[in-house]
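Written out below as structure tokens is the structure these notes cover.
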């Protein structure tokens, strides 16, 4: 279970990354049907720095805040309708992506920038797989349109976000703790 035996330090870090993900949602480039935001950057960072359980917990906290009505989703949206709507799959993908990225970082004891980049790319694929799946089923758009509007526009931006997250994670892992772990 993700929240079993979570220290106060880890709860604070998870909450901090939930807040950062929320802030990332307000930096929006309006694009239809899925807006471009900085949420993914903080999802990648939460996993790379906090690991599987706490990284995923940070994203669960983020989803919970939006679910209960705080305007933390892209463009200040909130509520269960967002999680069940066309863009909800991307949000659910944040949790799964954070867990898998964090798991790989822990399992491989990743501290090299290129390795952070590779697991970030896996996270990108997971987020977009979940996002495209829900976008397809909610909107009934054809697969080509889902790809062209729900995945393709994010490739370059997420590539840049993954590079940024990899650089930040690499630097922080090397400088914050002697063992490279938070």
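Numbering (my numbering), first residue to last: 155 to 336. All C-beta atoms, glycine included, are put in the ideal place defined by N, C-alpha and C. From a predicted model like this one, the values you see are computed outputs, not experimental measurements.
- [ ] Using alpha carbons as the reference points, say which of 266, 168, 205 lies closest to residue 138.
- [x] Because the chain here runs from 155 to 336, residue 138 falls outside it and cannot be looked at.
Task: Inter-residue CB distance, residue 264 and residue 273 (contact presumed, cutoff 8 angstroms) - done: 7 angstroms
Task: Bridge-paired residues (DSSP) for residue 190 - done: 183
- [ ] Report yes if the C-beta distance between residue 232 and residue 223 is below 8 angstroms; otherwise report no.
- [x] yes
TODO: Consult DSSP for residue 231 and reduce its assignment to one of helix, strand or coil.
DONE: Residue 231 falls in the strand class under three-state DSSP.
TODO: Output the distance between the C-alpha atoms of residue 294 and residue 305, rounded to the nearest integer angstrom.
DONE: Going from the Cα of residue 294 to the Cα of residue 305 covers about 16 angstroms.
- [ ] Starting from residue 268, follow the alpha helix (DSSP H) in both directions and report where the run begins and ends.
- [x] Unbroken alpha helix (DSSP H) run through residue 268: 267-293.
Task: Same chain, Cβ closer than 6 angstroms to residue 250, five either side skipped, listed in chain order - done: 280.
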